[in-house]
Amino acid sequence: MRVNKMLQLMIVLLSVCVWNTLALNAAEKPGRPNVLVILVDDLGYGDLSSYGASDLKSPHIDQLIDRGMKFTNFYANCPVCSPTRAALLTGKYQDLVGVPGVIRTHPENSWGYFLPSAT
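Each number in our numbering comes from the position in the sequence shown (counting from 1) with 17 added on.
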């Protein structure tokens with residue numbers, strides 16, 4: 018009889034410990050991060066007040082930067098916006114989606130090349 022009560026007590030204690038551990042682990046899982054990508058055409062590194070511009074004020078963008086992450090190293094592999102936009106929308110390298118540079122209405126005036134598979 019005494020062994021039976023001890024076994025019941027151990028099962029209850031073990032159940033409470035397991036339940037408590039599972040509840041703590043469930044509460045500690047972080048949520049998905051919020052990511053906001055702002056793509057601006059013809060904006061230089063020092064054109065925002067948060068990056069050192071004294072002649073232009075950008076209080077709303079500064080507030081976003083203060084509440085989030087501030088990136089200081091950038092890379093653009095093309096001097097125009099079309100390839101960057103195409104790459105961001107498709108998730109592929111700009112040449113693979115057929116936008117290596119400026120998109121012009123007449124192919125003979127276009128620089129770069131278009132992949133046949135992208136057209």
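Don't be surprised by glycine CBs; every beta carbon is placed ideally from N, CA and C. None of these values were measured; they are calculated from a predicted model.
Which of the three DSSP states is assigned to residue i in this structure?
| i | result |
| --- | --- |
| residue 96 | coil |
| residue 101 | helix |
| residue 22 | helix |
| residue 71 | coil |
| residue 37 | helix |
| residue 120 | coil |
| residue 55 | coil |
| residue 50 | coil |
| residue 86 | coil |
| residue 113 | helix |
| residue 81 | helix |
| residue 65 | coil |
| residue 60 | coil |
Contact defined as beta carbons within less than 8 Å: I believe residue i pairs with residue j. What is the distance between those atoms, to the nearest angstrom?
| i | j | result |
| --- | --- | --- |
| residue 70 | residue 64 | 6 Å |
| residue 111 | residue 100 | 4 Å |
Of all Cβ atoms in chain D, is any one closer than 8 Å to the Cβ of residue i?
| i | result |
| --- | --- |
| residue 30 | The structure shown contains no chain D; it holds only a single protein chain. |
Which residues in the same chain have their Cβ closer than 8 Å to the Cβ of residue i, if we skip the five residues on either side of it in sequence?
| i | result |
| --- | --- |
| residue 53 | 81, 85 |
Under 8 Å between the Cβ atoms of residue i and residue j?
| i | j | result |
| --- | --- | --- |
| residue 74 | residue 66 | yes |
Identify, in the order they occur along the chain, each residue of the same chain with its Cβ nearer than 6 Å to the Cβ of residue i, setting aside the five sequence neighbours on each side.
| i | result |
| --- | --- |
| residue 116 | 99, 100, 103 |
For this session: Evaluate contact between the region 55-73 and the region 26-42, counting only Cβ atoms and requiring at least three cross-stretch pairs below 8 Å.
Result: Under the Cβ criterion (8 Å, minimum of three pairs), the region 55-73 does not count as touching the region 26-42.
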